[in-house]
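In the working numbering, the protein residues as written are 12 to 512. Don't be surprised by glycine CBs; every beta carbon is placed ideally from N, CA and C.
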Ligand code: GLY
Ligand code: MN
Ligand code: MN
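Structure representation (structure tokens):
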């Protein structure tokens with residue numbers, strides 16, 4: 012890329028606009044600022060680049076769709092931690108290699124509470140004077156300064172390198188929050204008094220700034236609260252989850268239409284095809300797509316996706332589009348590559364389908380979270396006994412967990428901004444909790460017969476089947492958000508025939 016090299020790119024180290032506006036700073040030639048970081052810039056070029064730019068401030072921005080929801084979420088957070096300063100970072104760019112970075116994805120907690128996705132952003136809830144609630148402020152990197160050259164010389168943050176950012180006042184209008192310069196935040200937090208908590212794991216510089224003021228235990232309480240807060244989705248979130256699933260359905264259709272090309276190449280063709288849909292309609296895939304053909308389907312998180320796709324094999328495709336608002340689907344279909352299940356493939360598929368049906372039927376308000384898992388496992392254990400793969404009775408198998416040799420994983424999980432959403436919620440509110448309307452979870456039983464499993468007849472070996480749908484708990488039961496994809500073996504075959512005709 013031929014990027015201009017800098018000795019340091021830590022935004023907290025950058026001169027603040029205030030500092031640059033001092034007479035002393037203005038008098039310095041640009042090439043002497045920032046420790047000689049711009050050695051090749053002549054004073055003439057620096058002067059030239061400072062001016063001749065139109066004012067592009069946007070004045071007629073409307074608040075983003077989720078602004079009302081984020082305000083309500085922040086109010087609940089405020090009520091839980093009265094009198095405490097709360098720091099929720101979006102996170103920073105992470106190095107992929109040398110001077111290239113991974114695509115940025117804002118932290119789930121920050122996105123949930125602000126609707127914003129800007130790298131280096133930080134939401135701070137500061138106790139309001141008088142002890143009544145909090146004042147929420149968003150700390151963001153302002154637009155690139157045109158006077159000190161950073162807009163065209165800073166390869167990490169300069170707008171001519173990485174694109175225009177919103178000005179602070181634009182961000183305020185969009186997000187419904189006051190916005191301030193993030194480069195001042197670390198010092199402000201260092202100087203602040205009173206109790207403070209930070210969501211850890213996203214912004215090492217801020218954590219370092221707070222190191223003397225926070226404890227791991229108190230910070231974890233904040234993270235746990237934010238995880239539990241997301242257990243029940245609001246109307247905006249349910250709409251986004253449905254949109255994520257709808258894009259995912261189209262992505263699965265895309266894959267079926269190019270299975271011949273995948274056969275001529277590899278699982279990568281499937282990964283790339285789904286990814287195209289995810290990037291065009293959404294932000295990304297919500298997790299690494301599992302494009303597992305043949306015996307790879309027995310590897311639960313097969314994301315290498317570099318194997319052959321062969322007629323006669325099953326393709327297990329576990330993939331989800333993440334919307335531009337960062338909600339993800341998580342859907343699996345197991346498809347016969349040539350469009351028709353073999354007898355043994357169909358037998359195993361139909362067992363998993365039956366287990367999924369039992370699991371989905373157990374998803375309703377008031378049910379225990381564990382119920383759908385137990386229902387699905389019971390069906391699978393029954394099938395395994397029927398097939399003579401494990402000695403009954405079924406109660407013994409379930410009690411000893413013997414079915415797990417082939418079922419391997421839990422039957423589902425909460426879904427939302429994270430594919431495994433609410434992951435740090437306490438056991439009593441999640442795994443041992445009760446389902447409520449607005450919860451969204453996957454139901455995804457599977458059977459996996461490893462290629463080297465000598466305890467099953469040969470015809471089973473190398474077959475893996477998972478069927479995964481995204482299920483919303485409603486007032487009177489549930490709604491399958493991913494019902495746009497077929498699930499029975501017959502329907503899968505008919506759907507594939509239609510798409511490939
Ligand atoms: N895609 C990962 C899972 O199903 O949990
Ligand atoms: Mn899942
Ligand atoms: Mn999945």
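Put residue i into one of helix, strand or coil per three-state DSSP.
i, result
"residue 123", "helix"
"residue 370", "helix"
"residue 304", "strand"
"residue 108", "strand"
"residue 113", "coil"
"residue 289", "helix"
"residue 136", "strand"
"residue 488", "strand"
"residue 37", "In this prediction, residue 37 scores a pLDDT of 39, lower than 50, which makes its location untrustworthy; no coordinate-derived value is stated."
"residue 60", "helix"
"residue 478", "coil"
"residue 189", "coil"
"residue 495", "coil"
"residue 309", "helix"
"residue 296", "strand"
"residue 43", "With a pLDDT of 39 at residue 43, under the threshold of 50, the predicted position of this residue should be treated as unreliable, though the coordinate-derived value follows. Helix at residue 43."
"residue 400", "coil"
"residue 333", "strand"
"residue 354", "helix"
"residue 363", "helix"
"residue 164", "helix"
"residue 284", "helix"
"residue 544", "Any property of residue 544 remains undetermined from this structure, which presents the chain solely from 12 to 512."
Along the chain, where does the beta strand (DSSP E) containing residue i start, and where does it finish?
i, result
"residue 390", "Looking at the DSSP string, residue 390 is not in any beta strand (DSSP E); the run it does join, the alpha helix (DSSP H), is 381-397."
"residue 460", "457-460"
"residue 260", "From DSSP, residue 260 is part of no beta strand (DSSP E) but of the alpha helix (DSSP H) over 246-268."
"residue 329", "325-330"
"residue 96", "96-100"
"residue 452", "451-454"
"residue 208", "207-209"
"residue 346", "342-347"
Would you please state the rounded distance, in angstroms, between the beta carbons of residue i and residue j? I believe it to be under 8 Å.
i, j, result
"residue 145", "residue 151", "Not really, about 18 Å apart at Cβ, beyond 8 Å."
"residue 277", "residue 318", "6 Å"
"residue 255", "residue 283", "Actually they are not in contact, since the Cβ atoms of residue 255 and residue 283 sit about 19 Å apart, beyond 8 Å."
"residue 511", "residue 268", "7 Å"
"residue 153", "residue 192", "5 Å"
"residue 274", "residue 321", "7 Å"
"residue 327", "residue 391", "So it is not a contact: roughly 16 Å between Cβ atoms."
Does any C-beta atom of chain B lie closer than 8 Å to the C-beta of residue i?
i, result
"residue 126", "Reference to chain B is not applicable here, since this structure consists of a single protein chain."
Any heavy atom of ligand 4 inside 7 Å of the beta-carbon of residue i?
i, result
"residue 301", "Ligand 4 is not part of the structure shown, which contains ligand 1, ligand 2 and ligand 3 as its ligands."
When burial is assigned at 16 or more other CB atoms within 10 Å of the CB, is residue i buried or exposed?
i, result
"residue 59", "exposed"
"residue 109", "exposed"
"residue 503", "buried"
"residue 342", "buried"
"residue 238", "buried"
"residue 223", "exposed"
"residue 204", "exposed"
"residue 431", "exposed"
"residue 175", "exposed"
"residue 169", "buried"
Check for me: the alpha helix (DSSP H) holding residue i runs from which residue to which?
i, result
"residue 405", "405-411"
"residue 71", "From DSSP, residue 71 is part of no alpha helix (DSSP H); its letter is neither H nor E."
"residue 147", "Premise fails: residue 147 lies in the beta strand (DSSP E), 145-151, not in any alpha helix (DSSP H)."
"residue 418", "415-418"
"residue 510", "500-511"
"residue 84", "78-91"
"residue 196", "196-202"
"residue 220", "215-220"
"residue 423", "From DSSP, residue 423 is part of no alpha helix (DSSP H); its letter is neither H nor E."
"residue 170", "170-173"
Item to complete: Check whether the stretch 433-453 touches the stretch 355-362, taking contact to mean three or more Cβ pairs, one atom from each stretch, closer than 8 Å.
Response: no
Worksheet item: Below 8 Å, can you find three or more Cβ-Cβ pairs linking the stretch 282-290 to the stretch 255-271?
Response: yes
Discussion item. With three or more beta-carbon pairs closer than 8 Å as the criterion, would you say the stretch 207-225 touches the stretch 159-167?
Written reply: no
Discussion item. For the stretch 326-344 against the stretch 401-416, do three or more pairs of beta-carbon atoms, one drawn from each stretch, fall closer than 8 Å, so that the two count as touching?
Written reply: no
Fill in: Cβ contact check for the stretch 462-475 and the stretch 298-315: 3 or more pairs under 8 Å
yes
Discussion item. Assess contact between the stretch 363-383 and the stretch 421-437, defined as three or more Cβ pairs (one per stretch) separated by less than 8 Å. Is contact present?
Written reply: yes
Worksheet item: Pairing CB atoms from the stretch 62-79 with CB atoms from the stretch 88-108, are three or more of them under 8 Å?
Response: no
Discussion item. For the structure I just gave you, are there three or more beta carbon pairs, one from the stretch 125-132 and one from the stretch 177-188, closer than 8 Å?
Written reply: yes
Fill in: Touching by the beta-carbon criterion (3+ pairs, under 8 Å), the stretch 64-75 and the stretch 170-185
yes
Discussion item. Under 8 Å: do the stretch 401-409 and the stretch 344-360 share three or more Cβ pairs, one atom per stretch?
Written reply: no
Worksheet item: For the 8 Å Cβ check, are there 3 or more pairs between the stretch 438-445 and the stretch 375-392?
Response: yes
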